[in-house]
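**Q** Position one of the sequence shown corresponds to residue 1 (the numbering used here), numbered consecutively onward. Just so you know, even glycine gets a beta-carbon here, dropped at the ideal spot from N, CA and C. Quick caveat: nothing in here was measured; it's all calculated off a predicted structure.
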Amino acid sequence: MKKLDSSFKVIRKKLHEAGFKLTPQRELTVEVLLEKEKDHLSAEEVYLLVKSKNASIGLATVYRTLEILTELQIINKLTFQDGIARYDLNMNEDKHQHHHLLCLKCGKIEEVKNDMLLEIEMEIEKEYQFIVKDHRLTFHGICNECAKNQLG
1 MKKLDSSFKV IRKKLHEAGF KLTPQRELTV EVLLEKEKDH LSAEEVYLLV KSKNASIGLA
61 TVYRTLEILT ELQIINKLTF QDGIARYDLN MNEDKHQHHH LLCLKCGKIE EVKNDMLLEI
121 EMEIEKEYQF IVKDHRLTFH GICNECAKNQ LG
């Protein structure tokens, strides 16, 4: 709960600094994103979870909130193989986002926190005189659980 509170304070501060108020609707949207941090939810999934907490919130409000949070780089908008935009909290102040493992069987998405591409970035910057600001990497494969089920 402590991590949730501190993350919520950081988000509130970023919104305030950008001139946005933390309305009850935005607060509920942020709350859902924090509670389901590992789930990479679609806008519709966020909406259904927010609506379960407050039935009067509309889909357009949730979409606008997600766009504001994306614009402020509080969340990242990711599109995987299924073509559905999903949202991922961006609470770390690291230079890069984490990477993802996408299971081709069940669609589960796992996060890889450590950045193993820094040497490659330095090579690219040197070789091409290109300043790398970020990179995204998704590994496509079969998760451990699906592999076990395949064998069993």
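Under the rule that 16 or more other beta-carbon atoms within 10 Å means buried, what is D88, buried or exposed?
**A** buried
**Q** Taking DSSP as the reference, what is the three-state secondary structure of S42?
**A** strand
**Q** What residue from M116, Q25 and E127 has the CA that sits closest to T138's CA?
**A** M116
**Q** Is it the case that the Cβ atoms of N54 and L15 are separated by a distance below 8 angstroms?
**A** The answer is no: Cβ separation not under 8 angstroms.
**Q** What's the gap between the Cα of N114 and the Cα of H99?
**A** Across the structure, N114 and H99 are spaced so that their CA atoms are roughly 8 angstroms apart.
**Q** Can you tell which of C106, E111, Q129 and E31 has its C-alpha closest to the C-alpha of K51?
**A** E31
**Q** Beta-carbon within less than 7 angstroms of Q73's beta-carbon, same chain only, minus the 5 sequence neighbours each way: which residues are those?
**A** N90
**Q** Out of V10, I109 and L22, state which residue places its alpha-carbon closest to the alpha-carbon of S42.
**A** Checked all of V10, I109 and L22; the closest Cα to S42 is I109.
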